[in-house]
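For what it's worth, this note's numbering labels the leading residue of the sequence shown as 40, then goes sequentially.
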Amino acid sequence: MGLNSGVLESAGTEQREAVVTVAGGAIPIRIGRGAARDVKSWWPERWRRALLVTQEGVPIPFDIPDGVAVSYVEKSEGAKCLATIERLASDAIRAGLTRNDGVIAVGGGVVTDVAGFFASVYYRGIELVNIPTSLLGMVDAAIGGKTGVNLAEGKNLLGSFWQPLAVICDLDTLASLPPREWRSGAGEMAKYIFLGAGDLLSHPFDLQVYACARIKAEVVSADERESGTRALLNYGHTLGHAIEGAFLARGEESAISHGEAVAVGMIFASRLARSLGRISAERVEEHLRVLSAFHLSPFFPPELEPEEMLGYLKVDKKNQAGLTFVLDGSAGLEVVAGIEETVVLREIEEFARWSG
Ligand SMILES: NC(=O)c1ccc[n+]([C@@H]2O[C@H](COP(=O)([O-])OP(=O)(O)OC[C@H]3O[C@@H](n4cnc5c(N)ncnc54)[C@H](O)[C@@H]3O)[C@@H](O)[C@H]2O)c1
């Protein structure tokens, strides 16, 4: 079964807060059931109007105040495009949004990414509040200020760093999250185990989300612009993005979710680290146990070819000399550059054989 809406029952009523501290100030990340209900608690007094960006079917966990215009974006990764930004701008102008008004993003990572990018360029930047409603949004996408849209050439190639004023994770919104999206969030949550989250699953659900959000907040606070340690949040994402890219190119975007692909990518990264002598076989087994606890599949998708993966890996944004992966080691996760393509290809082939 894994994570699903049933786990909400284990959450208490307490509101918890993590904080991202960046040059621009402190950004509260509030986590709890009903956290967004009281609009006054997160609506800045100076805003007279706002554009609420969301998607059909996403629950809005508060009564929409007067002065708020609602814009819906398409329910797919395809909504992360410049045409969406133009349309949001037209909606905002029609709604009379000024530079002293704001944007409220209510939805998953697609919504917070486009709403954030839009907020960063409308009148050269207006304020933003993120209200993530997917598990992946709460533990990852809505925190940290990375915004962006995709181009035909690849994901997130246009974007900005634009920090929200606050991130409000209202756990009650998760009651309607589809099972697939729970699994996707689980993939990112499993990643935090390797970033020091400990025995996450032994805690009530609200604490699990809080623990992940706090780690993300700490990593972003230490390296807002990803000049170093923030890249560690990409654990499992290198092969994960290649897998997603290959399915997207086949027009089969829904074959695997982001978090499921990251989970497979973490197993591959552990196998690669083992073959480079960085970790033991027991540590690879530990990766498998973590995924199993989150009910995630560790297997390379049989539809994909190892050679095809290499094409995607070569254009990964992290690459410096040779291929670059985030890998486990005796000192924990590290960015490792200069890994030879032949080594990576051999390991993917072995991974595919092991996956059966
Ligand atoms: N900016 C960042 O730092 C960052 C980090 C990780 C991922 N991302 C981006 O996030 C996106 C993925 O985000 P995601 O996994 O949240 O997917 P998503 O935004 O596509 O949402 C998944 C689906 O769930 C629906 N949904 C969301 N909340 C719901 C709810 N409470 N009830 C019912 N349906 C709900 C959405 O409408 C959508 O159909 C990707 O585009 C990825 O690139 C960004």
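By construction, the Cβ of each residue, glycine as well, lies at the ideal position given by its N, Cα and C atoms.
In three-state terms, what does DSSP make of residue i?
| i | result |
| --- | --- |
| N273 | helix |
| I282 | helix |
| S173 | coil |
| A57 | strand |
| C251 | helix |
| P218 | helix |
| T199 | According to the sequence provided, residue 199 is Ser. The question's Thr does not apply to it. In the structure shown, S199 sits in a strand (DSSP, three-state: E or B). |
| E190 | Going by the sequence as given, residue 190 is Leu instead of Glu. L190 falls in the strand class under three-state DSSP. |
| E166 | strand |
| L144 | Contrary to the premise, residue 144 reads as Ala rather than Leu in this sequence. Note: A144 maps to strand in three-state DSSP. |
| I182 | coil |
| I295 | coil |
| G237 | coil |
| E257 | helix |
| D33 | Any question about residue 33 goes unanswered here, given that the chain covers just 40 to 395. |
| E380 | helix |
| E386 | helix |
Leaving out five residues before and five after residue i in sequence, what residues of the same chain have Cβ atoms less than 7 Å from its Cβ?
| i | result |
| --- | --- |
| T186 | D152, G155, F156, S159, G198, S199 and W201 |
| Y249 | R55, A57 and I70 |
| E227 | L175, V178, D179, G298 and V301 |
| A131 | L90 and Y161 |
Mind checking if residue i is an interface residue toward chain B, Cβ cutoff 9 Å exclusive?
| i | result |
| --- | --- |
| E263 | Looking at the structure shown, chain B is missing, and only one protein chain is on hand. |
Residues in its own chain within less than 8 Å of residue i by CB, not counting five upstream and five downstream?
| i | result |
| --- | --- |
| L240 | Q247, A332 and F333 |
| G284 | G193, K194 and Y351 |
| I124 | V153, F156, F157, V160 and V188 |
Excluding the five sequence neighbours on either side, which residues of its own chain have a C-beta within less than 6 Å of the C-beta of residue i, listed in chain order?
| i | result |
| --- | --- |
| R253 | A57 |
| V365 | L271, N273, Y274, L372 and V374 |
| A312 | I318, L366 and D367 |
| D355 | T277 |
| A391 | F339 and P345 |
Going by alpha carbons, who is nearest to residue i out of the options?
| i | options | result |
| --- | --- | --- |
| L213 | D179, G184 and S173 | S173 |
| V86 | P100, A108, E263 and E95 | Here residue 86 turns out to be Trp, not Val, going by the sequence shown. Checking every option, the nearest Cα to that of W86 belongs to A108. |
| R219 | I99, T123 and L335 | L335 |
| G237 | I306, V329, L315 and S223 | V329 |
| V61 | L121, E48 and G184 | G184 |
| V188 | S115, P83, E325 and I282 | S115 |
| R385 | N358, S369 and L315 | L315 |
| A191 | A181, D140 and L287 | L287 |
| A74 | V206, A122 and T93 | V206 |
| G279 | E265, G96, V259 and P337 | P337 |
| E84 | S369, E113 and G141 | G141 |
Output the residue ranges of the beta strand (DSSP E) runs that lie fully inside the region 314 to 370 and measure 3 residues or longer, sorted by chain position.
If only complete runs of 3 or more residues are kept, the region 314 to 370 shows the beta strand (DSSP E) at 362 to 366, in order along the chain.
In chain order, which continuous runs of the beta strand (DSSP E) of length 3 or greater are located wholly inside the region 47 to 133?
Taking only runs of at least 3 residues, the beta strand (DSSP E) segments lying wholly in the region 47 to 133 are 55 to 61, 64 to 71, 89 to 93 and 107 to 111.
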